[in-house]
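Counting in the UniProt record's numbering, the sequence shown runs from 1 upward without gaps. Structure first, then comments.
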Amino acid sequence: MIYSKWAMNTWNDWKNEKIKEWITSEWKQSEDKYWSNYDEYTLQTLDFEDQKQWYKWKERIYREGVEWKNWIAVRESRFVNSNWNTWSDWKKGKQLQFSEWTETFVDNWIKQKQWLVWNEERKNAADEQKLAEEQVAAPSQHATPVSVEEPAAEAMAA
Numbered sequence: 001m002i003y004s005k006w007a008m009n010t011w012n013d014w015k016n017e018k019i020k021e022w023i024t025s026e027w028k029q030s031e032d033k034y035w036s037n038y039d040e041y042t043l044q045t046l047d048f049e050d051q052k053q054w055y056k057w058k059e060r061i062y063r064e065g066v067e068w069k070n071w072i073a074v075r076e077s078r079f080v081n082s083n084w085n086t087w088s089d090w091k092k093g094k095q096l097q098f099s100e101w102t103e104t105f106v107d108n109w110i111k112q113k114q115w116l117v118w119n120e121e122r123k124n125a126a127d128e129q130k131l132a133e134e135q136v137a138a139p140s141q142h143a144t145p146v147s148v149e150e151p152a153a154e155a156m157a158a
């Protein structure tokens, strides 16, 4: 998912930079500025040759847009989506492997009555933990008490 997001961001940055370069090219800006002035006026104010040129300009702009969208779609499907398809194929393969493993695991679990072994292991672990907690909580009964004699009592006895 992270790779896909990175790839899309990189692709979008590159694509936006290319369209910006195209739109801001000097000759294109000059031509668009010239013909877009007539966009605001009615075509009847232009002579017949200029009207033809204006229509050609409009058609070319439309074709450029269509061509750009097609070009982008081809590249996007070839580079960006191909990586996504690789990821999807890998994921499908792993899901199939996991499903097979799960099925085998459950079959063995049932055939070998593995839940009985698991329950016994769990009970033993709980008993061991309880015993360990009791030993920590209770003072040791096996230790011999140490008697401390007072030095003054020894001196009096002597």
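From the three backbone atoms N, C-alpha and C, an ideal C-beta is built for every residue, glycine too.
query                                                                                                         : result
Alpha-carbon spacing of Lys56 relative to Lys5, whole angstroms                                               : 40 Å
C-beta contact flag for Gln53 and Trp35 at 9 Å                                                                : yes
Complete runs of the beta strand (DSSP E) confined to the stretch 35-62 [at least 3 residues]                 : none
Length of the line joining the Cα atoms of Ser88 and Trp11                                                    : 19 Å
Sub-9 Å separation of Ala7 and Phe79 beta-carbons                                                             : yes
Span separating the alpha-carbon of Ala114 from that of Asp127                                                : Per the sequence shown, residue 114 should be read as Gln rather than Ala. Their backbone Cα atoms lie some 20 Å apart in a straight line.
Spatial distance of Trp109 from Leu96 (CA atoms)                                                              : 20 Å
Expected contact under 8 Å - CB spacing of Lys15 and Ile72 to nearest Å                                       : 6 Å
DSSP state of Gln97 mapped onto helix, strand, coil                                                           : helix
Ile19 classed as buried or exposed, judged by whether at least 16 other C-beta atoms fall within 10 angstroms : exposed
Contacting residues, own chain, Cβ-Cβ under 8 Å from Lys28 (five flanking each side not counted)              : Trp22
Element boundaries [alpha helix (DSSP H), containing Lys123]                                                  : 114-137
Ala158 versus Ala137: straight-line alpha-carbon distance, rounded                                            : Confidence at Ala158 is low in this model, with a pLDDT of 48, below 50, so the placement of that residue is unreliable and no value is reported for it.
Distance between Lys111 and Glu103 (C-alpha atoms, nearest Å)                                                 : 12 Å
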